[in-house]
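Below is one structure, written out as structure tokens; comments come after it.
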Amino acid sequence: MSSPNEPQHQPPGAPGGYEPPHGVAPPNPADSPNYGIIMLVCTVSLAFLVVVATLGGMWYWDSVPGSAEKYDIPPRFQGSWSGKLTQYAPDRTAVGTWELTITLRDDSVTAKESSSAFGYDNCVWEVHRPEPVDDGSLAFSYTVTKDPDDKCAPTGDVLLERSSDALAIRVTSAVEGEETVSRGVLDPV
Numbered sequence: 001m002s003s004p005n006e007p008q009h010q011p012p013g014a015p016g017g018y019e020p021p022h023g024v025a026p027p028n029p030a031d032s033p034n035y036g037i038i039m040l041v042c043t044v045s046l047a048f049l050v051v052v053a054t055l056g057g058m059w060y061w062d063s064v065p066g067s068a069e070k071y072d073i074p075p076r077f078q079g080s081w082s083g084k085l086t087q088y089a090p091d092r093t094a095v096g097t098w099e100l101t102i103t104l105r106d107d108s109v110t111a112k113e114s115s116s117a118f119g120y121d122n123c124v125w126e127v128h129r130p131e132p133v134d135d136g137s138l139a140f141s142y143t144v145t146k147d148p149d150d151k152c153a154p155t156g157d158v159l160l161e162r163s164s165d166a167l168a169i170r171v172t173s174a175v176e177g178e179e180t181v182s183r184g185v186l187d188p189v
């Protein structure tokens, strides 16, 4: 017979450490002094993961081809257009020409400019929010996202007006700190 001070025999394979007496439940974790801190850390971690997953999903969705922002491009402006523009200095003297190709669709707007007169090629525009204007024209701004020769005006504002078979275009931009205006006609491609 064993004495009351003698350790009781543990069954083989049973882990050591705290075990509640037979028939008694373990203590409630909510009664622990650290329970509030643990729950706060878990809640903040979960909220952080939800925010990261949401932002990651938005980034992924924006990068998937065909998931581009939808624009309100009136049908009369939709299509691919190309033409030559004349650039004017602030005193209204012509300073050179450049070429523009632009494609306007409800799901994408792409534009590329080049100029042998100014010595640059393949400047790519990112078009911002094309909007129809009350007079029937289409207006938008752009930022140059690719400029291999570092010679394009970095930003500008565009106004397009549709004639029977072409687009009249006016581009206002700043070149070397001076505002310039370019005008031309874009024909369907």
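Here the sequence shown is numbered in UniProt numbering, starting from 1 and rising by one per residue.
Note that the Cβ used here is the ideal one computed from N, Cα and C, for glycine as well.
The model shown is predicted, which means the values in this text are computed figures rather than measured ones.
Discussion item. In the DSSP output, which residue or residues are listed as bridge partners for L186?
Written reply: Residue mapping note: residue 186 aligns to position 186 of the sequence shown, counting from 1. Paired residue(s): G83 and L167.
Worksheet item: Are D121 and P148 touching if we call contact CB-CB under 9 Å?
Response: The residue given as residue 121 occupies position 121 in the sequence shown. The residue given as residue 148 occupies position 148 in the sequence shown. Cβ atoms of D121 and P148: closer than 9 Å.
Discussion item. Is the separation between the beta-carbon of F48 and that of Q87 shorter than 9 Å?
Written reply: The residue you call residue 48 lines up with position 48 of the sequence shown. The residue you call residue 87 lines up with position 87 of the sequence shown. No, they are not a contact pair.
Item to complete: Whole angstroms is fine: what's the gap from L186's alpha carbon to M58's?
Response: For the purposes of this step, residue 186 is identified with residue 186 of the sequence shown, where counting begins at 1. For the purposes of this step, residue 58 is identified with residue 58 of the sequence shown, where counting begins at 1. Taking the straight line joining both Cα atoms gives about 35 Å.
Practice prompt. Pull up the distance between the alpha-carbon of A174 and that of P130, whole angstroms please.
Written response: Position 174 of the sequence shown, counting from 1, holds the residue named residue 174. Position 130 of the sequence shown, counting from 1, holds the residue named residue 130. Approximately 20 Å, taken between the alpha carbons.
Worksheet item: Thinking C-alpha only, which one of R92, S137 and V41 is nearest E161?
Response: Numbered from its first residue, the sequence shown carries residue 161 at position 161. For E161, the nearest C-alpha among the options comes from S137.
Practice prompt. Work out the CA separation of V144 and T180 for me, nearest whole Å.
Written response: The sequence position of residue 180 within the sequence shown is 180, counting from 1. The sequence position of residue 144 within the sequence shown is 144, counting from 1. If you take the alpha carbons of T180 and V144, they lie about 16 Å apart.
Item to complete: Could you check which residue in I169, L159, T103 and A89 has the C-alpha nearest to that of G177?
Response: For the purposes of this step, residue 177 is identified with residue 177 of the sequence shown, where counting begins at 1. Ranking I169, L159, T103 and A89 by Cα distance to G177 puts A89 first.
Fill in: Close beta carbons around S141, own chain, < 6 Å, minus the five adjacent residues each side
Taking the first residue of the sequence shown as position 1, residue 141 is located at position 141. If we look at S141 and ignore the five residues flanking it on each side, its Cβ neighbours are H128 and D157.
Discussion item. Does A25 pass the burial test, meaning 16 or more other C-beta atoms within 10 Å, or should it be called exposed?
Written reply: Your numbering for residue 25 matches position 25 in the sequence shown. So A25 counts as exposed.
Fill in: Burial state of G184 (16 or more Cβ within 10 Å)
As a working mapping, residue 184 is identified with position 184 in the sequence shown. So G184 counts as buried.
Worksheet item: Helix, strand or coil for D121 per DSSP?
Response: Position 121 of the sequence shown, counting from 1, holds the residue named residue 121. Three-state DSSP puts D121 in a strand.
Worksheet item: Anyone know if the C-beta pair for T110 and V124 falls short of 9 Å?
Response: Translated into positions along the sequence shown, residue 110 becomes position 110. Translated into positions along the sequence shown, residue 124 becomes position 124. Contact: yes.
Fill in: Given L85 as reference, the closest of V189, K151 and R170 once Cα atoms are compared
Taking the sequence shown and counting its residues from 1, one reaches residue 85 at position 85. Here the closest residue by C-alpha is R170.
Fill in: Reference D165; option with closest CA among K151, S182 and V189
Position 165 of the sequence shown holds residue 165. Closest by alpha carbon: V189.
Fill in: Counted within 10 angstroms of its Cβ, other Cβ atoms place I102 as buried (16 or more) or exposed
Numbered from its first residue, the sequence shown carries residue 102 at position 102. Result: buried.
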